[in-house]
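Contents: one structure, followed by commentary.
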Amino acid sequence: MLPDETIDRAADTLAKFRNNNAILDQYAVLIEDYKRLKSDYEEEREGRERYKQLARGQERKPFALVVVDGDGYIFDERFVKDGEEGGSRAAKQLNDTLKDSLRRKGLETCEVMVRMYANLTGLSKTLCKSGLSGAEKRSFSSFAAGFNRSYGLTDFIDAGELKENADFKLKAILHLYAENAQCKHIYFAACHDVGYVSDLIPFRGNRERFTLIRTPSLLFHKEFDRLGMNVEELPGVFRHVPLTYAYSTPQSKTSVTNISTSSKGNAVCSLYMRGNCRYGSGCKFSHVDSKTSSQNSTPSPPTVGTSTKNFASDWRHGSTHATNSNIECLPRKEYITDGFVAINADKDRLDAYLPALDPEANSSPPLNISRALSHVTAAENVAEQTAFMDMFAKELIVAIASVGRVIVASPSGFVTQIIRLGTLCLLAIHR
Numbered sequence: 001m002l003p004d005e006t007i008d009r010a011a012d013t014l015a016k017f018r019n020n021n022a023i024l025d026q027y028a029v030l031i032e033d034y035k036r037l038k039s040d041y042e043e044e045r046e047g048r049e050r051y052k053q054l055a056r057g058q059e060r061k062p063f064a065l066v067v068v069d070g071d072g073y074i075f076d077e078r079f080v081k082d083g084e085e086g087g088s089r090a091a092k093q094l095n096d097t098l099k100d101s102l103r104r105k106g107l108e109t110c111e112v113m114v115r116m117y118a119n120l121t122g123l124s125k126t127l128c129k130s131g132l133s134g135a136e137k138r139s140f141s142s143f144a145a146g147f148n149r150s151y152g153l154t155d156f157i158d159a160g161e162l163k164e165n166a167d168f169k170l171k172a173i174l175h176l177y178a179e180n181a182q183c184k185h186i187y188f189a190a191c192h193d194v195g196y197v198s199d200l201i202p203f204r205g206n207r208e209r210f211t212l213i214r215t216p217s218l219l220f221h222k223e224f225d226r227l228g229m230n231v232e233e234l235p236g237v238f239r240h241v242p243l244t245y246a247y248s249t250p251q252s253k254t255s256v257t258n259i260s261t262s263s264k265g266n267a268v269c270s271l272y273m274r275g276n277c278r279y280g281s282g283c284k285f286s287h288v289d290s291k292t293s294s295q296n297s298t299p300s301p302p303t304v305g306t307s308t309k310n311f312a313s314d315w316r317h318g319s320t321h322a323t324n325s326n327i328e329c330l331p332r333k334e335y336i337t338d339g340f341v342a343i344n345a346d347k348d349r350l351d352a353y354l355p356a357l358d359p360e361a362n363s364s365p366p367l368n369i370s371r372a373l374s375h376v377t378a379a380e381n382v383a384e385q386t387a388f389m390d391m392f393a394k395e396l397i398v399a400i401a402s403v404g405r406v407i408v409a410s411p412s413g414f415v416t417q418i419i420r421l422g423t424l425c426l427l428a429i430h431r
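For what it's worth, the working numbering labels the leading residue of the sequence shown as 1, then goes sequentially.
Written out as structure tokens, the structure is:
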């Protein structure tokens with residue numbers, strides 16, 4: 001049996017061992033915490049290095065984006081008329097003007113990237129009508145080729161012939177680059193279309209990165225002013241006056257084509273039109289294709305004169321500013337031979353011009369129905385009533401045929417007076 005002293009010493013030794021084990025456990029936990037913190041630190045340091053590299057990459061090649069709706073913002077006439085060479089000079093003028101603007105903003109190190117979207121076919125047709133381009137379907141493509149060839153980041157893109165294709169492409173590229181850190185500034189040249197306002201509203205908080213382009217040839221909608229963004233003009237780049245259409249003038253007789261499909265006046269073979277005429281060339285009727293007949297039945301485009309129409313907005317939305325001068329440019333009736341029709345450059349039929357009525361030729365006093373009724377009712381017998389009604393009927397016919405003016409006391413009483421007059425006429429006839 002161990003003595004009590006030995007047992008007490010053994011108990012003290014066990015307590016020391018247990019205390020040492022607790023310290024070791026705490027030390028083990030401390031080592032694990034240190035390893036975890038070290039791992040977190042390494043991850044944070046790697047993330048920061050990646051951020052620095054990304055930031056350095058973003059600052060390395062900054063650029064400014066220029067988005068242009070080419071259907072509305074048309075280059076100056078001196079560029080458009082020169083085709084491919086004009087496109088090259090237009091790109092240089094645009095690039096130089098934007099470089100000056102970026103220099104004033106402290107962004108002289110930025111490259112200029114131009115994205116211009118337009119319906120090339122429709123724009124070619126519009127410029128042809130204005131006498132600024134050829135009559136080919138894509139006559140403006142030579143200008144676009146010269147524009148694209150001048151600078152590597154300058155593109156004139158054909159968005160297709162659908163109406164809203166250019167709008168769709170422009171909005172997509174705007175949203176793509178608006179969140180790009182390398183894109184330091186965005187020039188937006190489409191402020192003639194109020195539909196773009198909703199696409200710019202989300203960027204009002206970062207309005208210093210945007211500049212709206214104004215041009216005198218197009219209406220700058222006031223909704224864009226409310227965005228609070230910078231507004232600038234690019235002098236010498238876009239047109240300063242609205243685009244105009246050219247109209248035919250009666251300098252020479254309008255070109256017309258005989259509606260008849262044969263010089264001999266023979267009728268068209270209906271069987272040949274359906275593709276099953278068995279007589280061939282021996283048929284006594286004319287064999288004319290429907291397409292050829294349609295083309296021959298319309299006149300050639302009239303010559304272009306000097307009369308013009310204001311082109312207040314871009315060509316896609318047309319113009320509502322019709323003037324009397326446009327009507328006066330219609331061909332005179334004496335210039336159109338019987339059996340012929342006149343058309344314009346779009347192969348639309350043109351009606352003959354009808355001159356305005358001569359005020360002096362229609363200076364006869366207007367007809368007064370109330371006065372005529374008083375004469376009829378005041379007549380003492382049927383003969384007088386009949387005479388007054390005959391005289392009134394003749395005056396009414398002359399008034400309507402010559403001037404078309406019938407004066408009544410009030411519009412609401414016109415129908416009542418006509419009914420009363422008709423009743424008196426029936427009574428007179430019955431008697």
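All C-beta atoms, glycine included, are put in the ideal place defined by N, C-alpha and C.
These numbers come from a predicted model, not from an experiment.
### Query
Roughly how many whole angstroms lie between the Cα atoms of Ala145 and Glu42?
53 Å
### Task
Rank Pro62, Lys137, Thr126, Gly134 by C-alpha distance to the C-alpha of Thr109 and give the top, closest one.
Pro62
### Query
How should Lys347 be labelled, buried or exposed, when 16 other C-beta atoms within 10 angstroms of its C-beta is the threshold for buried?
exposed
### Query
What are the residues that DSSP puts in a beta bridge with Leu350?
Ala342
#### Entry: Bridge-paired residues (DSSP) for Ile157
Tyr117
### N- and C-terminal bounds of the beta strand (DSSP E) containing Val67
63-69
### Query
From Arg9 to Arg45, what does the alpha carbon distance come to, in whole angstroms?
54 Å
### Message
Taking only three categories from DSSP, how would you classify Cys191?
### Response
coil
### Message
Here's a check: name, in chain order, each residue in its chain whose Cβ is nearer than 7 Å to the Cβ of Pro165, leaving out the five neighbours to either side.
### Response
In the sequence on display, residue 165 carries Asn and not Pro. Here the set comprises Asn119, Ala159.
### Query
For Gly106, does the count of other Cβ atoms within 10 angstroms reach 16, so buried, or fall short, so exposed?
exposed
### Among Arg207, Ile186, Leu212, nearest to Val194 - alpha-carbon criterion
Leu212
#### Entry: Distance, Asp351 Cα to Leu176 Cα
51 Å
### Query
Roughly how many whole angstroms lie between the Cα atoms of Glu232 and Val66?
13 Å
### Query
Since Leu98 contacts Val112 with CB under 8 Å, what's their CB separation in whole angstroms?
5 Å
### Query
Helix, strand or coil for Val237 per DSSP?
coil
### Message
Three or more C-beta pairs under 8 Å: does that hold for the region 122-129 against the region 86-101?
### Response
no
#### Entry: Ala91 vs Phe147 beta-carbon contact at 8 Å
yes
### Message
Here's a check: name, in chain order, each residue in its chain whose Cβ is nearer than 7 Å to the Cβ of Leu37, leaving out the five neighbours to either side.
### Response
none
### Query
Under a Cβ-count criterion, where at least 16 other Cβ atoms within 10 Å of its own Cβ denotes burial, should Ser141 be classed as buried or exposed?
buried
### Query
So, helix, strand or coil for Ile31, using DSSP?
helix
### Query
Using DSSP with H/G/I as helix, E/B as strand and the rest coil, what is Ser286?
strand
### CA-to-CA distance, Val114 to Leu153, given in whole angstroms
6 Å
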